[in-house]
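Sequence lines, in order, name chains A and B. Counted from 1, the first sequence has number 1123 at position 218 by our numbering; the numbering is strictly sequential. Counted from 1, the second sequence has number 1227 at position 322 by our numbering; the numbering is strictly sequential. In this text, a Cβ means the ideal position worked out from N, Cα and C, and glycines have one as well. A short worksheet on the structure shown next.
2 protein chains.
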Amino acid sequence: MPRIKPLELRNQPKEIIVTINRQWRLKTRPSGLIGPEHFEYVETELADIGAEEVLVRNLCLSFDPTQRGWVNDMESYMPPVGIGEVMRAGTVGQVVESNHAGFEPGDLVQGLGGWQDFFTVPNGVGLSKLPEGISPEQALGVFGTTGLTAYFGLLDLSEPKPGDTVLVSGAAGATGSVVGQIAKIKGARVVGIAGGPEKCAWLTGSLGFDAAIDYKNESVAEGVARHCPDRINVFFDNVGGDILEIGLSHLAMNARVILCGGISGYNETEPQPGPKNIMNLVITRSRMEGFIIVDYLHRIGEFLADMMPWYQQGLVQHKEDVQEGFENIPSTLQRLFSGQNTGKQLLKLADPS
Amino acid sequence: MPRIKPLELRNQPKEIIVTINRQWRLKTRPSGLIGPEHFEYVETELADIGAEEVLVRNLCLSFDPTQRGWVNDMESYMPPVGIGEVMRAGTVGQVVESNHAGFEPGDLVQGLGGWQDFFTVPNGVGLSKLPEGISPEQALGVFGTTGLTAYFGLLDLSEPKPGDTVLVSGAAGATGSVVGQIAKIKGARVVGIAGGPEKCAWLTGSLGFDAAIDYKNESVAEGVARHCPDRINVFFDNVGGDILEIGLSHLAMNARVILCGGISGYNETEPQPGPKNIMNLVITRSRMEGFIIVDYLHRIGEFLADMMPWYQQGLVQHKEDVQEGFENIPSTLQRLFSGQNTGKQLLKLADPS
Chain A
906 MPRIKPLELR NQPKEIIVTI NRQWRLKTRP SGLIGPEHFE YVETELADIG
956 AEEVLVRNLC LSFDPTQRGW VNDMESYMPP VGIGEVMRAG TVGQVVESNH
1006 AGFEPGDLVQ GLGGWQDFFT VPNGVGLSKL PEGISPEQAL GVFGTTGLTA
1056 YFGLLDLSEP KPGDTVLVSG AAGATGSVVG QIAKIKGARV VGIAGGPEKC
1106 AWLTGSLGFD AAIDYKNESV AEGVARHCPD RINVFFDNVG GDILEIGLSH
1156 LAMNARVILC GGISGYNETE PQPGPKNIMN LVITRSRMEG FIIVDYLHRI
1206 GEFLADMMPW YQQGLVQHKE DVQEGFENIP STLQRLFSGQ NTGKQLLKLA
1256 DPS
Chain B
906 MPRIKPLELR NQPKEIIVTI NRQWRLKTRP SGLIGPEHFE YVETELADIG
956 AEEVLVRNLC LSFDPTQRGW VNDMESYMPP VGIGEVMRAG TVGQVVESNH
1006 AGFEPGDLVQ GLGGWQDFFT VPNGVGLSKL PEGISPEQAL GVFGTTGLTA
1056 YFGLLDLSEP KPGDTVLVSG AAGATGSVVG QIAKIKGARV VGIAGGPEKC
1106 AWLTGSLGFD AAIDYKNESV AEGVARHCPD RINVFFDNVG GDILEIGLSH
1156 LAMNARVILC GGISGYNETE PQPGPKNIMN LVITRSRMEG FIIVDYLHRI
1206 GEFLADMMPW YQQGLVQHKE DVQEGFENIP STLQRLFSGQ NTGKQLLKLA
1256 DPS
């Protein structure tokens, strides 16, 4: 429980137990690689909640490449995190106190809880209960934003068909690994790009990718040419930069390039030049399209109806990289940008009570 | 008439009149700006036509930015023009002799006749008769590839709605000027980018564009920001390069970027870097798509059903820049890349007989 209210007896000493809310706040905006030096550790006293508010204790934090964009001083699909504000993050938590009819103590919920122990939500806005039988880790991964991103990004922006070749970059990441497995379910040939022999072996082994290209140890251009002899029908790109350019060079006719992200450029101090071969989109009559998963949150039922059975049947597997320790939160974000994580990057603060 | 056959009388002298076919052939592949030095003037004797062949005399040549790509030594949507081959070009001509049931002498026809006086087509392949009442100039412009490109590029790859802002680059060119007028018919606000005050005055005057930005005399970025306060819903880009990057910086949500061409890069010796801000496609959930008009030729009926009345009612106007003289063919192509033409660039060789 976060806070025991003081006894309201006049003329007697009051006993106050204050609950401390640990936080990591944005101290300075990074120019280049983001790191612990850009955040400040703060302990604050947790305030009482007001009417219609819900108090949640964070159990598990999600780490996502898009967080790098949130700390830049520019408008994007969300306003930037302000200096001195708690770092924004997707989290799963447990309701500890609720003045809102929709939530009660003990409920497992998901929201943008941020890098802190507790967060308060007015009117339950942005808070959703976890579906029955789904763990916090799963809710932030395969059944959460990651799975949604893979599912709607791939299936709403393209229609992979049997025989199509689907290329996925960042393929051993949380989203990429699910994209490839969904494409396999749809009957496509799937080629993944990932860093290092272990990740590549995981893709072609457990996950059933048809081929994997190890960008740390081989030429991606040669790998794509070799593994995509009929060129690429669908390119799901999480990386941008050179990888995007190589993909654009190998498009089949009427190809679909799905821009999910561009992690290669997120920590650059200057905007990087774009691909030199954009005109390949003209020659091959192809489409390149971006999306943001927040636009699809209302379609989560559609997603779960497919993903639940796929997961239960083992058609979609999911790996989580779970770190621990409040003090390790900022450095855990860096793991995404150095490619240390395989699968979904999480940090666990506590188990449900 | 191309050739008078010799009188077939034995034991008498034969009188032969040979018809000379003037040609411009590709001599060397340009690296950088294309010019007359890359072509060779040749006179050849016109051969008899064979079974099912049709002989056509070129009356009018079309000049199109895409011709620059045809002389590069790389596969594209058509094979490159070979060294020593007649330069490929869209033309309107008149049938002078036909061994094919579908065509007879006098027919006005359109095809890829190339830079020469005469061309021969087996089985009438690639040859189509001009619709009734359409002049050679119109057939190569507003009712030809130019009009088709504007019509299907704009309306098949986007759906401009009343109130939308449509930005057009190369707006005083053959295609761009028609794109803007179609967008106006659909009720959109139309902003054009063109070079020089005369072109801009033509756009906002005769053609009814809402605004024009003179890229030779003002900052395009400032102009776009000023004239597109609600950002851009549809961007029809003929130019590429910096102009594409500026357009991408001003996209509205769910915008459509139609890649028609990238004339700014066609004469570069090295591929130019792409736009630094491709990730704006993600933030704005936008789509960038290329197309080639050859995919739409079978839908010409649909196009004419709209364009004929628009043209007759003056809703679509069309300007042609008609050069003359066989010797001026190669230098006329250069006019496109220096922006000398307003509207459709043509060269007239002869009137119909």
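Pull up the distance between the alpha-carbon of A/Gly-1046 and that of A/Ser-1082, whole angstroms please. Position 141 of the first sequence, counting from 1, holds the residue named residue 1046 of chain A. Position 177 of the first sequence, counting from 1, holds the residue named residue 1082 of chain A. If I take the Cα positions, the gap works out to 11 angstroms.
So, using beta-carbon positions, are B/Glu-990 and B/Val-1000 closer together than 8 angstroms? What you label residue 990 of chain B is simply residue 85 of the second sequence in a count that begins at 1. What you label residue 1000 of chain B is simply residue 95 of the second sequence in a count that begins at 1. In this structure, B/Val-1000 does not lie closer than 8 angstroms to B/Glu-990 by Cβ.
Which residue comes first and which comes last in the alpha helix (DSSP H) that contains B/Pro-1027? On the second sequence, residue 1027 of chain B is found 122 positions in, with the first residue counted as 1. For B/Pro-1027, no alpha helix (DSSP H) encloses it; the enclosing beta strand (DSSP E) starts and ends at 1023-1027.
Rounded straight-line distance, which links the Cα of B/Phe-1231 to that of B/Ile-1205: Against the second sequence, residue 1205 of chain B aligns to sequence position 300. Against the second sequence, residue 1231 of chain B aligns to sequence position 326. Their Cα atoms are separated by approximately 30 angstroms.
Cβ contact check for the stretch 1148-1155 of chain A and the stretch 1144-1158 of chain B: 3 or more pairs under 8 angstroms: Contact between the stretch 1148-1155 of chain A and the stretch 1144-1158 of chain B is absent, with fewer than three C-beta pairs closer than 8 angstroms.
Rounded straight-line distance, which links the Cα of A/Asn-1122 to that of A/Gly-1101: Translated into positions along the first sequence, residue 1101 of chain A becomes position 196. Translated into positions along the first sequence, residue 1122 of chain A becomes position 217. Across the structure, A/Gly-1101 and A/Asn-1122 are spaced so that their CA atoms are roughly 7 angstroms apart.
Mind listing which residues of the stretch 1039-1065 of chain A have their C-beta closer than 7 angstroms to chain B's C-betas, in chain order? Residues: none.
For a contact defined as C-beta to C-beta under 7 angstroms, what are the partners of B/Gly-982 on chain A? Walking along the second sequence from the start, residue 982 of chain B turns up at place 77. The sequence given here has Tyr at residue 982 of chain B, not Gly. For B/Tyr-982, the chain A residues whose Cβ falls inside 7 angstroms of its Cβ are Ile-1188, in order along the chain.
Is the stretch 1123-1130 of chain A touching the stretch 1087-1094 of chain A in the sense that three or more CB pairs, one from each, lie closer than 8 angstroms? Counting Cβ pairs under 8 angstroms, fewer than three are found: no touch.
Determine, using beta-carbon pairs with one atom in the stretch 1009-1024 of chain B and one in the stretch 1159-1174 of chain B, whether at least three such pairs fall under 8 angstroms. Output reads no: the stretch 1159-1174 of chain B does not touch the stretch 1009-1024 of chain B.
How about B/Val-1014 and B/Ser-1040: do their beta carbons lie closer than 8 angstroms? Position 109 of the second sequence holds residue 1014 of chain B. Position 135 of the second sequence holds residue 1040 of chain B. Between B/Val-1014 and B/Ser-1040, the CB-CB gap reaches or exceeds 8 angstroms.
Strictly under 8 angstroms for the Cβ-Cβ distance: is A/Met-1213 near chain B by that measure? Taking the first residue of the first sequence as 1, we reach residue 1213 of chain A at position 308. Closer than 8 angstroms: no.
Assign A/Ser-936 to buried or exposed, taking buried as 16 or more other Cβ atoms, counted over all protein chains shown, within 10 Å of its Cβ. Mapped onto the first sequence, residue 936 of chain A falls at position 31. A/Ser-936 is exposed by the Cβ-count criterion.
Give a yes or no on whether 8 angstroms exceeds the smallest Cβ distance from A/Arg-1197 to chain B. Mapped onto the first sequence, residue 1197 of chain A falls at position 292. The sequence given here places Ile at residue 1197 of chain A; Arg does not occur at that position. True, the Cβ-Cβ gap to chain B drops below 8 angstroms.
Taking A/Lys-1253 as part of the beta strand (DSSP E), name the residues at either end of that continuous run. Residue mapping note: residue 1253 of chain A aligns to position 348 of the first sequence, counting from 1. That run of the beta strand (DSSP E) goes 1249-1253.
Does the CB of B/Leu-1112 have a neighbour CB from chain A at under 8 angstroms? Reading the second sequence from its first residue, position 207 is the one you call residue 1112 of chain B. By this cut-off, B/Leu-1112 is not an interface position.
So, is the C-beta of A/Gln-1177 closer than 8 angstroms to a C-beta in chain B? Here residue 1177 of chain A refers to the residue found at position 272 when the first sequence is read from its first residue. Residue contact check for A/Gln-1177 against chain B: a CB pair falls below 8 angstroms.
Can you name the residues of chain B whose CB is closer than 7 angstroms to the CB of A/Leu-1252? Mapped onto the first sequence, residue 1252 of chain A falls at position 347. Those do not exist, as A/Leu-1252 stays about 26 angstroms from chain B at its closest Cβ, beyond 7 angstroms.
Could you pull the DSSP bridge partners for A/Ser-1074 from this structure? Reading the first sequence from its first residue, position 169 is the one you call residue 1074 of chain A. Paired residue(s): A/Ile-1098.
First through last residue of the beta strand (DSSP E) which encompasses A/Thr-949: In the first sequence, counting from the first residue as 1, residue 949 of chain A sits at position 44. It spans 944-950 - the beta strand (DSSP E) in which A/Thr-949 sits, taken as one unbroken run.
Smallest Cα separation from A/Gly-1031: which of A/Gly-1248, A/Val-1162, A/Glu-958, A/Val-1221? Translated into positions along the first sequence, residue 1031 of chain A becomes position 126. The shortest C-alpha separation from A/Gly-1031 is found at A/Glu-958.
Can you tell me the Cα-Cα spacing of A/Gly-1097 and A/Leu-1108, whole angstroms? What you label residue 1097 of chain A is simply residue 192 of the first sequence in a count that begins at 1. What you label residue 1108 of chain A is simply residue 203 of the first sequence in a count that begins at 1. Using only the alpha carbons, I get a separation of about 7 angstroms.
Are there 16 or more other CB atoms within 10 angstroms of the CB of A/Gln-1245, so buried, or fewer, so exposed? In the first sequence, residue 1245 of chain A corresponds to position 340, counting from 1. The residue in question, A/Gln-1245, is exposed, as its Cβ has fewer than 16 Cβ neighbours within 10 Å.
What number of angstroms, rounded off, separates the C-alpha of B/Lys-1249 from the C-alpha of B/Gly-955? The residue given as residue 1249 of chain B occupies position 344 in the second sequence. The residue given as residue 955 of chain B occupies position 50 in the second sequence. Rounded to whole angstroms, B/Lys-1249 to B/Gly-955 spans 35 angstroms at the Cα level.
Among A/Val-1139, A/Ile-925, A/Thr-1237, A/Leu-1209, which one has its Cα closest to the Cα of A/Lys-1066? Stepping through the first sequence from its first residue, residue 1066 of chain A is reached at position 161. Across the set A/Val-1139, A/Ile-925, A/Thr-1237, A/Leu-1209, the C-alpha of A/Val-1139 shows the shortest separation from the C-alpha of A/Lys-1066.
Complete runs of the beta strand (DSSP E) confined to the stretch 1092-1156 of chain A [at least 3 residues]: Those beta strand (DSSP E) runs which fall completely within the stretch 1092-1156 of chain A and span 3+ residues are 1094-1099, 1116-1119, 1137-1142.
Which of the three DSSP states, helix, strand or coil, is assigned to B/Glu-958? Along the second sequence, one-based indexing puts residue 958 of chain B at 53. If DSSP states are grouped into helix, strand and coil, B/Glu-958 belongs with the strands.
Are the Cβ atoms of B/Leu-1241 and B/Leu-966 separated by less than 8 angstroms? As a first step, residue 1241 of chain B must be located in the second sequence, where it is residue number 336. As a first step, residue 966 of chain B must be located in the second sequence, where it is residue number 61. In this structure, B/Leu-1241 lies away from B/Leu-966, with their beta-carbon atoms at least 8 angstroms apart.
For B/Met-1193, list the residues DSSP reports as bridge partners. Within the second sequence, numbered from 1, the residue matching residue 1193 of chain B stands at position 288. Residue pairing by DSSP places B/Met-1193 opposite A/Met-1193, B/Val-1162 in a beta bridge.
Of the choices A/Thr-1247, A/Glu-950, A/Trp-929, A/Arg-927, whose alpha-carbon is the least far from that of A/Glu-1112? As a working note, residue 1112 of chain A is residue 207 in the first sequence. With the sequence shown as reference, residue 1112 of chain A is identified as Leu, and Glu is not the correct amino acid for it. Closest option to A/Leu-1112, Cα to Cα, is A/Thr-1247.
Three or more C-beta pairs closer than 8 angstroms, one from the stretch 1069-1084 of chain A and one from the stretch 1182-1189 of chain A: is that the case here? The stretch 1069-1084 of chain A, when compared against the stretch 1182-1189 of chain A, does not touch it at the 8 angstroms Cβ threshold.
Determine whether the Cβ of B/Gly-1145 lies closer than 8 angstroms to any Cβ atom of chain A. Working through the second sequence from its first residue, we reach residue 1145 of chain B at position 240. For B/Gly-1145, the answer is yes, since a Cβ of chain A falls inside 8 angstroms of its Cβ.
Does any CB atom of chain A fall closer than 8 angstroms to the CB of B/Ser-1191? Position 286 of the second sequence, counted from the start, is the residue given in the question as residue 1191 of chain B. Interface residue, yes.
Within the same chain, show all residues whose beta-carbon is closer than 6 angstroms to that of B/Trp-1215, passing over the 5 residues directly before and after it, in chain order. The residue you call residue 1215 of chain B lines up with position 310 of the second sequence. Excluding residues within five positions, the ones whose Cβ falls inside 6 angstroms are Val-1221.
Between which two residues does the beta strand (DSSP E) carrying B/Gly-1016 extend? Start at 1 with the first residue of the second sequence, and residue 1016 of chain B comes out as number 111. Counting along the chain, the unbroken beta strand (DSSP E) around B/Gly-1016 starts and ends at 1013-1016.
Kindly indicate the opening and closing residues of the alpha helix (DSSP H) around B/Lys-998. Taking the first residue of the second sequence as position 1, residue 998 of chain B is located at position 93. According to the sequence as given, residue 998 of chain B is Gly; it is not Lys. Looking at the DSSP string, B/Gly-998 is not in any alpha helix (DSSP H); the run it does join, the beta strand (DSSP E), is 996-1003.
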